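Numbering (my numbering), first residue to last: 39 to 304. We treat Cβ as the ideally placed atom computed from N, Cα and C, and that holds for glycine. This one's a predicted model, so the numbers in the text were calculated from it and none came from an experiment. The structure appears right after this line, and notes come after that.
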């Protein structure tokens with residue numbers, strides 16, 4: 039891999055830990071996956087990419103207390119629903135695992151495993167805390183308009199993430215467009231073959247939005263796609279990286295494809 043975007047859920051802590059932006063030839067993009075919602079969707083995620091000059095500590099400062107409050111309450115709600123059906127997980131177990139991060143679904147999944155309610159981490163998302171499961175609760179940090187405004191406040195670009203997971207994908211894309219979104223994730227991981235990337239690519243080209251792709255990698259124990267294994271056609275890669283260079287997200291991108299061995303902007 040030559041370029042990787044670190045887009046943790048609702049925080050830039052992870053990318054702030056990366057001291058050098060270029061390691062062994064790899065370029066690191068500062069990013070985040072921001073939780074939002076709308077009238078028709080309990081959750082809408084935005085893939086966000088910040089310029090190298092962005093003040094990440096300021097972003098963290100503005101978000102931290104609100105994110106923690108919302109995520110703690112969401113976690114307690116999930117634990118309460120589990121408790122009603124006999125699945126007891128004390129909140130102290132969550133606290134012990136989140137001293138340097140926010141409560142999240144992977145943490146709850148790990149606790150379910152440790153309490154022997156499941157045999158594997160993926161089982162947690164199938165039976166308990168997946169998007170369509172009984173115990174799932176969305177993270178409602180900002181409405182869609184507020185979320186897009188927040189990213190633009192720090193000169194970032196944002197794209198509708200994994201639209202194929204929403205109830206009304208194109209409606210979400212149109213609403214986000216109304217609020218000034220910059221792009222759409224167009225290429226699903228291979229474990230979502232039912233999603234048609236043509237629909238999202240056509241939408242982006244029609245409205246002058248950038249296309250992006252993501253592995254949706256959530257760690258070695260809970261991801262069906264590894265880092266760098268996601269689909270991203272060469273033509274779209276080149277256009278997106280050129281935009282990122284123009285916006286100061288990447289500097290002087292050298293990205294070679296199989297069909298074109300010349301670097302972009304050498």
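Have a look at 200, 281 and 214 and flag the residue whose alpha-carbon is nearest the alpha-carbon of residue 224.
200
For residue 63, which option in 42, 52, 237 and 53 has the closest C-alpha, if you only look at C-alpha atoms?
42
Which of the three DSSP states is assigned to residue 85 in this structure?
strand
Assuming contact is defined by CB atoms lying nearer than 9 Å, are residue 18 and residue 105 in contact in what I supplied?
With the chain covering 39 to 304 only, the question about residue 18 has no answer from this structure.
When the Cα atoms are used, what is the spatial distance from residue 66 to residue 124?
44 Å
Should residue 83 be labelled buried (16 or more other beta-carbon atoms within 10 Å of its own) or exposed?
buried
Grab the span of the alpha helix (DSSP H) containing residue 282 for me, first residue to last.
272-284
Tell me whether residue 162 sits in a helix, a strand or coil according to DSSP, three-state version.
helix
In this structure, how does DSSP classify residue 174 when only helix, strand and coil are distinguished?
coil
For residue 72, which option in 273, 203, 275 and 184 has the closest C-alpha, if you only look at C-alpha atoms?
184
Is it the case that the Cβ atoms of residue 323 and residue 103 are separated by a distance below 9 Å?
Outside the displayed span of the chain (39 to 304) sits residue 323, for which this structure offers no information.
Three-state secondary structure (DSSP) at residue 46?
If DSSP states are grouped into helix, strand and coil, residue 46 belongs with coil.
Start and end of the alpha helix (DSSP H) containing residue 101?
Note, residue 101: alpha helix (DSSP H), 94-122.
So residue 198 packs on residue 214, CB below 8 Å; how close in whole Å?
5 Å
Where does the unbroken alpha helix (DSSP H) through residue 225 begin, and where does it stop?
Per DSSP, residue 225 belongs to no alpha helix (DSSP H); it is in the beta strand (DSSP E), 221-225.
Whole angstroms are fine: how far does the CA of residue 158 sit from the CA of residue 146?
13 Å
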